[in-house]
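Undergrad: Mapping the sequence shown onto my numbering, position 555 (from 1) lands on 652, and the numbers just tick up by one.
Every residue gets a Cβ at the ideal spot worked out from N, C-alpha and C, and that includes glycine.
Structure in structure tokens, see below.
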Amino acid sequence: MNIHSNKIPAQILSVAFIKAGIRDVVISPGSRNAPLIIEFTNQPEFNNYSIVDERVAGFFALGMAQQKNKPVVLVCTSGSALLNYYPAVAEAFYSQIPLIVVSADRPQKWVDQGEGQTIRQHNVFANHSWYNTTLSEGENSKSVNENKQKIKQAIETAFEKKGPVHINIPFDEPLYETTEAKKVDFPEVQTNYPSRIYEEKFLQNYVYKWNKASKIMILAGQYRPSEFLEKQLEKLSENPSVIVLNENISNVHSEKFINNIDQAVFSLNEEELADLQPEILITIGRNIISKKIKNFLRKYKPAEHWHIEQTGLPPDTFEALTQHFNTTPEMFFSQFLFLIYDQMNKHSKYQEKWLAIKKEKKEKHRKYLAKTVFSDLKVFELLSRYVPDDYILQWGNSATVRYAQLFDFQKNTIHFSNRGTSGIDGCTSTAIGAAYISRRPVLAVSGDISFLYDSNALWNKYIPENFKLIIINNGGGDIFNFIPGPGQIQAKDEFFVTRHQLTAGKFAEMFNIKYQILNNLKDLEEILPAFMARNNQAEILEINTRQIDNAGILKQYFKQIQ
Numbered sequence: 098m099n100i101h102s103n104k105i106p107a108q109i110l111s112v113a114f115i116k117a118g119i120r121d122v123v124i125s126p127g128s129r130n131a132p133l134i135i136e137f138t139n140q141p142e143f144n145n146y147s148i149v150d151e152r153v154a155g156f157f158a159l160g161m162a163q164q165k166n167k168p169v170v171l172v173c174t175s176g177s178a179l180l181n182y183y184p185a186v187a188e189a190f191y192s193q194i195p196l197i198v199v200s201a202d203r204p205q206k207w208v209d210q211g212e213g214q215t216i217r218q219h220n221v222f223a224n225h226s227w228y229n230t231t232l233s234e235g236e237n238s239k240s241v242n243e244n245k246q247k248i249k250q251a252i253e254t255a256f257e258k259k260g261p262v263h264i265n266i267p268f269d270e271p272l273y274e275t276t277e278a279k280k281v282d283f284p285e286v287q288t289n290y291p292s293r294i295y296e297e298k299f300l301q302n303y304v305y306k307w308n309k310a311s312k313i314m315i316l317a318g319q320y321r322p323s324e325f326l327e328k329q330l331e332k333l334s335e336n337p338s339v340i341v342l343n344e345n346i347s348n349v350h351s352e353k354f355i356n357n358i359d360q361a362v363f364s365l366n367e368e369e370l371a372d373l374q375p376e377i378l379i380t381i382g383r384n385i386i387s388k389k390i391k392n393f394l395r396k397y398k399p400a401e402h403w404h405i406e407q408t409g410l411p412p413d414t415f416e417a418l419t420q421h422f423n424t425t426p427e428m429f430f431s432q433f434l435f436l437i438y439d440q441m442n443k444h445s446k447y448q449e450k451w452l453a454i455k456k457e458k459k460e461k462h463r464k465y466l467a468k469t470v471f472s473d474l475k476v477f478e479l480l481s482r483y484v485p486d487d488y489i490l491q492w493g494n495s496a497t498v499r500y501a502q503l504f505d506f507q508k509n510t511i512h513f514s515n516r517g518t519s520g521i522d523g524c525t526s527t528a529i530g531a532a533y534i535s536r537r538p539v540l541a542v543s544g545d546i547s548f549l550y551d552s553n554a555l556w557n558k559y560i561p562e563n564f565k566l567i568i569i570n571n572g573g574g575d576i577f578n579f580i581p582g583p584g585q586i587q588a589k590d591e592f593f594v595t596r597h598q599l600t601a602g603k604f605a606e607m608f609n610i611k612y613q614i615l616n617n618l619k620d621l622e623e624i625l626p627a628f629m630a631r632n633n634q635a636e637i638l639e640i641n642t643r644q645i646d647n648a649g650i651l652k653q654y655f656k657q658i659q
């Protein structure tokens, strides 16, 4: 017979999670959460992971849920421990990744009464979560039934909204008592929420607008890999009035798409931009990286902007939103393609103009890179060449993910990045969580500041053999040498760039991870193919470019592709 916590709310949770098919529980140690630790670690259905640092634990769970596309549970003790989850919770909220945060708490009578490790935990994530509840403290039948309904709603919301929820549980002492008798059951939990299907009559108005338009732009933001969606977009691109713009984190690819947006849009003059203004803009996915396309579409607004996404929070990124289709792009286009299949504006030159720009900029890109010296830009060119197509790429934020958008990678590589909040915190931790779940090799590419900020990610006994980390160390936040503004500030190097002389070597040594560092192009070209080919142990490769004028080389790149 299994051992259970003597606390009924802990038992209810474990039964509920088992019913919902939730198996992964990331636990940070504590005392107030002892009933939860006892309950989860004694049930064979659960995969339990112990990670001390709650911020790391939050992002590790985020990476796992990102790959599973189903909820992962976080468990912590009371007090400030819970607050350390907040960066991961906010990222999950904006990236539509399901997390269930379960926090232990003191009884509510001790809140604000000077009791240790006691803060206002109720509704602490209210601004960035889809459901928040504090369970009742009693264990009578009324409280038990009430708690079952709260837990049921939390789980179903996590599945439906694909985002974070929070269950706060007050526990009174004693905390460590156990029982062999399970005292609770649980109702069925809904975990499947089908995509919405629109009535044909409703869609006809939009079909009419589509058929009439000669300039239609489909802009793909961050999205999970979908071969079906890719084929749908290719079908839509048979219409010469349609152009698809995508980023690598969109995970769709085609020669007929504009897949390096900044490269294409940069340096276009006002007349050219006005000529490329879409009549209809259709956005899918979330979190566009390119600031240039945002500025373009905010100035040259489309008459119609349709956003297609199964979400309760449709973004009006360009202040032009006219319709939100609350369904998946795959479901929408399955209906829409049938209605507009033979309808196209054969005289439109819209797609042709975009593809001509792409061809011109690609050639200038190729010529400039052929003569570029060892630098951050050159590193990304080599990554685009040498990363095998079976890899999952986890891009760090700030300059890293932006450099990546200038290059084409192997078609079957998969791209992720924490673009919900676009923070540098947790990038390595997320990648490790993803690698732990994935059967494919995972490469995290990080800047030095992002790595140092999340260096506790390596304090993790679950780092799998298929995980690799490349750190591009330019000695600070070099993006502040590129973007306009910080260069005018006298304190730029100390308070923006944050110059330093640190490397990752001592971190790798402390956590017993294979590590090497290189400082020149010859070594990089020699080492990178072998580094990418080995998948039998976790490794870190640090590339030191701190002596290079990386910002100057990137500025010259954009000047040359004009």
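#1: Would the beta-carbon of Val-341 fall within 8 Å of that of Ala-361?
#2: Can you tell me which of Glu-344, Ile-511 and Asp-545 puts its alpha carbon nearest to the alpha carbon of Ala-531?
#3: If contact is defined by three or more beta carbon pairs under 8 Å, each pair taking one atom from either stretch, is the stretch 397–407 in contact with the stretch 364–383?
#4: Expressed to the nearest angstrom, what Euclidean distance is found between the alpha-carbon atoms of Ala-278 and Ser-102?
#5: Between Ser-519 and the rest of its own chain, which residues show a CB-CB distance below 6 Å, the 5 nearest in sequence each way excluded?
#6: Quick one: what's Ile-267 bridged to in DSSP?
#7: Given this structure, state the Cα-to-Cα distance separating Val-149 from Asn-181, to the nearest angstrom.
#8: Beta-carbon within less than 6 Å of Thr-88's beta-carbon, same chain only, minus the 5 sequence neighbours each way: which residues are those?
#9: I need the straight-line Cα distance from Met-428 to Met-314, nearest angstrom please.
#10: What's the call for Ala-189, buried or exposed, on a 16-neighbour Cβ count within 10 Å?
#11: Can you give the beta carbon distance from Leu-232 to Ser-128, rounded, assuming they're within the 8 Å contact cut?
#12: How is Gln-246 classed by DSSP in three states: helix, strand or coil?
#13: Taking 8 Å as the cut-off, does the stretch 611–622 touch the stretch 528–545 (at least 3 CB pairs, one atom from each stretch)?
#14: I need the boundaries of the alpha helix (DSSP H) containing Trp-451, first residue and last residue.
#15: Thinking just about the alpha-carbon of each residue, which of Leu-410, Phe-157 and Glu-335 is nearest to the one in Arg-556?
#16: Helix, strand or coil, according to DSSP, for Asp-47 in the structure here?
#17: Inspect the beta-carbon positions of Ala-131 and Pro-195 and report whether they are closer than 8 Å.
#18: In the DSSP assignment, find the beta strand (DSSP E) that holds Val-170 and state where it starts and stops.
#19: How is the beta strand (DSSP E) around Ile-405 delimited, first residue to last?
#20: Judging by CA-CA distance, which residue of Gly-176, Gln-657 and Ile-614 is the nearest neighbour of Ser-200?
#21: Buried or exposed: Tyr-290, going by 16 or more other Cβ atoms within 10 Å of its Cβ?
#22: Measure the Cβ-Cβ separation of Leu-300 and Phe-433 and say whether it is below 8 Å.
#23: List the endpoints of the continuous beta strand (DSSP E) containing Ser-543.
#24: Quick check: what's the CA-CA separation for Ser-238 versus Val-122?
#25: According to the Cβ coordinates, are Gly-572 and Arg-499 closer than 8 Å?
#26: If you follow the beta strand (DSSP E) that Ser-526 is in, where does it begin and where does it stop?
#27: In terms of alpha-carbon separation, which member of Ile-569, Glu-212 and Thr-497 lies closest to Ile-386?
#28: Quick check: the Cα distance between Ile-49 and Met-629, rounded to an integer number of angstroms?
#29: Beta-carbon separation of Phe-548 and Ile-568 under 8 Å?
#30: So, under 8 Å CB-CB, Ile-614 and Asn-641 are touching, yes? Tell me the CB distance rounded to an integer number of Å.
#31: In chain order, which beta strand (DSSP E) runs of at least 3 residues are fully inside the stretch 271–343?
#32: By the 10 Å Cβ neighbour count, where 16 or more other Cβ atoms means buried, how is Ser-526 classified, buried or exposed?
#33: Identify every residue that forms a DSSP beta bridge with Ser-102.
#34: Bridge partners for Tyr-228 per DSSP, in chain order?
#35: How about the stretch 301–313 and the stretch 443–460: do they share at least three Cβ pairs that are nearer than 8 Å?
TA: Well, looking at it:
#1: Locating residue 341 in the sequence shown gives position 244, where the first residue counts as 1. Locating residue 361 in the sequence shown gives position 264, where the first residue counts as 1. In this structure, Ala-361 does not lie closer than 8 Å to Val-341 by Cβ.
#2: In the sequence shown, counting from the first residue as 1, residue 531 sits at position 434. The option with the nearest alpha carbon to Ala-531 is Ile-511.
#3: Segments in contact, yes.
#4: The residue given as residue 278 occupies position 181 in the sequence shown. The residue given as residue 102 occupies position 5 in the sequence shown. One C-alpha to the other measures close to 9 Å.
#5: The residue given as residue 519 occupies position 422 in the sequence shown. Counting only Cβ-Cβ distances below 6 Å, and skipping sequence neighbours, we find Asn-494.
#6: The count along the sequence shown starts at 1 and reaches residue 267 at position 170. In the sequence as displayed, the identity of residue 267 is Pro instead of Ile. Beta-bridge pairing links Pro-267 to Asp-202.
#7: Position 52 of the sequence shown, counting from 1, holds the residue named residue 149. Position 84 of the sequence shown, counting from 1, holds the residue named residue 181. Taking C-alpha positions only, Val-149 is separated from Asn-181 by approximately 11 Å.
#8: The chain is shown only over 98 to 659; residue 88 falls outside these bounds and no answer can be derived.
#9: Here residue 428 refers to the residue found at position 331 when the sequence shown is read from its first residue. Here residue 314 refers to the residue found at position 217 when the sequence shown is read from its first residue. A direct Cα-Cα distance of roughly 19 Å separates Met-428 from Met-314.
#10: Locating residue 189 in the sequence shown gives position 92, counting from the first residue. Buried is the call here.
#11: Taking the first residue of the sequence shown as 1, we reach residue 232 at position 135. Taking the first residue of the sequence shown as 1, we reach residue 128 at position 31. Wrong, their Cβ atoms sit about 19 Å apart, outside the cutoff.
#12: Taking the first residue of the sequence shown as 1, we reach residue 246 at position 149. Of the three classes helix, strand and coil, the one that applies to Gln-246 here is helix, per DSSP.
#13: The stretch 528–545, when compared against the stretch 611–622, does not touch it at the 8 Å Cβ threshold.
#14: Here residue 451 refers to the residue found at position 354 when the sequence shown is read from its first residue. Judged by DSSP secondary structure, Trp-451 falls within the alpha helix (DSSP H) whose first and last residues are 447–467.
#15: Start at 1 with the first residue of the sequence shown, and residue 556 comes out as number 459. Correcting the residue identity first, residue 556 is Trp in this sequence and not Arg. Checked all of Leu-410, Phe-157 and Glu-335; the closest Cα to Trp-556 is Phe-157.
#16: Past the boundaries of the shown model lies residue 47; the chain is included only from 98 to 659, so the question cannot be answered.
#17: The residue you call residue 131 lines up with position 34 of the sequence shown. The residue you call residue 195 lines up with position 98 of the sequence shown. 8 Å or more divides the Cβ of Ala-131 from the Cβ of Pro-195.
#18: Walking along the sequence shown from the start, residue 170 turns up at place 73. Per DSSP, Val-170 belongs to the beta strand (DSSP E) from 169–173.
#19: Taking the sequence shown and counting its residues from 1, one reaches residue 405 at position 308. In the DSSP assignment, Ile-405 falls within the unbroken beta strand (DSSP E) covering 401–405.
#20: Position 103 of the sequence shown, counted from the start, is the residue given in the question as residue 200. Ser-200 has its Cα closest to that of Gly-176, out of Gly-176, Gln-657 and Ile-614.
#21: Residue mapping note: residue 290 aligns to position 193 of the sequence shown, counting from 1. Counting Cβ neighbours within 10 Å, Tyr-290 comes out exposed, since fewer than 16 surround it.
#22: Residue mapping note: residue 300 aligns to position 203 of the sequence shown, counting from 1. Residue mapping note: residue 433 aligns to position 336 of the sequence shown, counting from 1. Phe-433 is positioned such that its CB atom lies closer than 8 Å to that of Leu-300.
#23: Stepping through the sequence shown from its first residue, residue 543 is reached at position 446. In the DSSP assignment, Ser-543 falls within the unbroken beta strand (DSSP E) covering 539–544.
#24: Residue mapping note: residue 238 aligns to position 141 of the sequence shown, counting from 1. Residue mapping note: residue 122 aligns to position 25 of the sequence shown, counting from 1. If you take the alpha carbons of Ser-238 and Val-122, they lie about 27 Å apart.
#25: Working through the sequence shown from its first residue, we reach residue 572 at position 475. Working through the sequence shown from its first residue, we reach residue 499 at position 402. For Gly-572 and Arg-499, no; Cβs fall outside 8 Å.
#26: Against the sequence shown, residue 526 aligns to sequence position 429. Segment 524–534 is the alpha helix (DSSP H) holding Ser-526; no beta strand (DSSP E) there.
#27: Against the sequence shown, residue 386 aligns to sequence position 289. Residue Thr-497 is the option with its Cα nearest to Ile-386.
#28: Nothing about residue 49 can be read from this structure; the chain reaches only from 98 to 659.
#29: Here residue 548 corresponds to residue number 451 of the sequence shown, with the count starting at 1. Here residue 568 corresponds to residue number 471 of the sequence shown, with the count starting at 1. Contact: yes.
#30: Here residue 614 is taken as the residue at index 517 of the sequence shown, counted from 1. Here residue 641 is taken as the residue at index 544 of the sequence shown, counted from 1. Between the beta-carbon of Ile-614 and that of Asn-641 there is about 6 Å, and that keeps the pair under the 8 Å contact cut.
#31: Counting only runs that start and end inside the stretch 271–343, the beta strand (DSSP E) elements of at least 3 residues fall at 313–317 and 339–343.
#32: As a first step, residue 526 is located in the sequence shown; it is residue number 429 there, counting from the start. Classification of Ser-526: buried, given that the 10 Å Cβ count is 16 or more.
#33: For the purposes of this step, residue 102 is taken as the residue at position 5 of the sequence shown. Partner residues in the beta bridge of Ser-102, as assigned by DSSP, are Thr-275.
#34: Taking the sequence shown and counting its residues from 1, the one referred to as residue 228 is at position 131. The partner list for Tyr-228 (beta bridge, DSSP) reads Val-262.
#35: Judged by Cβ distances under 8 Å, the stretch 301–313 makes contact with the stretch 443–460, as three or more pairs qualify.
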